[in-house]
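Heads up: the structure comes next, in structure tokens.
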Ligand SMILES: O=C(O)CCC(=O)C(=O)O
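Residue numbers (the working numbering): 37 to 295.
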């Protein structure tokens, strides 16, 4: 979607985001743009991933490169992906439209659920990882391919961004280390919405919106997506708490032989 079209639709995008804690935009990336993103991603995996520190690249099975599961900070490693989320881009414009205020780009991630070895994404709120005051951030989840329910589509609890941060604890899942401890209360189940989608679909969710995804049980298909995180510019980040958490997690994952 062109930034000018996002601006034209700003009122409806922002009101859906405020009301539900997410907004769903089918066909955000037309086929030609999506092809370019997929080609650039393949190049990134071929040329850049082998040079990255081990702790930045997660595999379902470390010995099998076809099980690549997650990448971080792609915008810092490569100009194509930097441009994709920079000020003035469609994604940056969408993030500002959702939050209704200036944003800064924080992280461009890649998420895959490989066909043979993927685990569910546990129910969580992204803001738990962010260490922000106030907790105002948005994640844009971009489907790089069609996603049917059996591949592990994204699920939200509609309106959950209005009820604050829930208690989280270690999930044991590589790449999604935290899970909501009391997930499954009636409000969660009554307001569940799932999003099977076509390639090019973008979902935007608030940092307090509860979401999760099942594992990939398709047997033969991947489930590839990008996740672009933007923080409201006025937020204060507790970098010390964030870095301490990350260091503990990296040490634990290394001790378990997962990274
Ligand atoms: O791709 C997934 O399974 C979940 C992604 C996610 O949790 C996010 O984008 O915040």
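We put the beta carbon where it would ideally sit given N, CA and C, even for glycine. These numbers come from a predicted model, not from an experiment.
- Non-local beta-carbon contacts of residue 156 in its own chain, meaning distances under 8 Å to residues more than five positions away in sequence, involve 188, 209, 248, 249, 250, 251 in chain order.
- A residue is called buried once 16 or more other Cβ atoms fall within 10 Å of its Cβ, and residue 37 is buried on that count.
- In the displayed model, residue 161 falls within coil according to three-state DSSP, outside both helix and strand.
- With contacts defined as CB atoms closer than 9 Å, residue 167 and residue 197 fail to qualify as a contacting pair.
- Neighbourhood of ligand 1, defined by CB distance below 7 Å to any of its heavy atoms: 147, 149, 157, 160, 162, 175, 177, 188, 190, 212, 241, 247, 249, 261, 263, in chain order.
- Of all alpha-carbon atoms in 224, 288, 266, the one lying nearest the alpha-carbon of residue 111 is that of 266.
- Annotation for residue 279: the continuous alpha helix (DSSP H) segment containing it runs 275-291.
- Assignment of residue 128 by DSSP, reduced to helix, strand and coil, places it in the helix class.
- The Cβ-Cβ distance between residue 239 and residue 193 does not fall below 9 Å.
- Under the Cβ criterion (8 Å, minimum of three pairs), the segment 268-278 does not count as touching the segment 57-68.
- The residue among 216, 285, 199 with its C-alpha nearest the C-alpha of residue 56 is 199.
- Residue 43 and residue 286 do not touch by the CB rule: their CB atoms are close to 40 Å apart, not below 8 Å.
- About 17 Å separates the beta carbon of residue 135 from that of residue 201, a gap too long to meet the 8 Å contact definition.
- As computed with DSSP, residue 60 is found in a beta bridge with 239.
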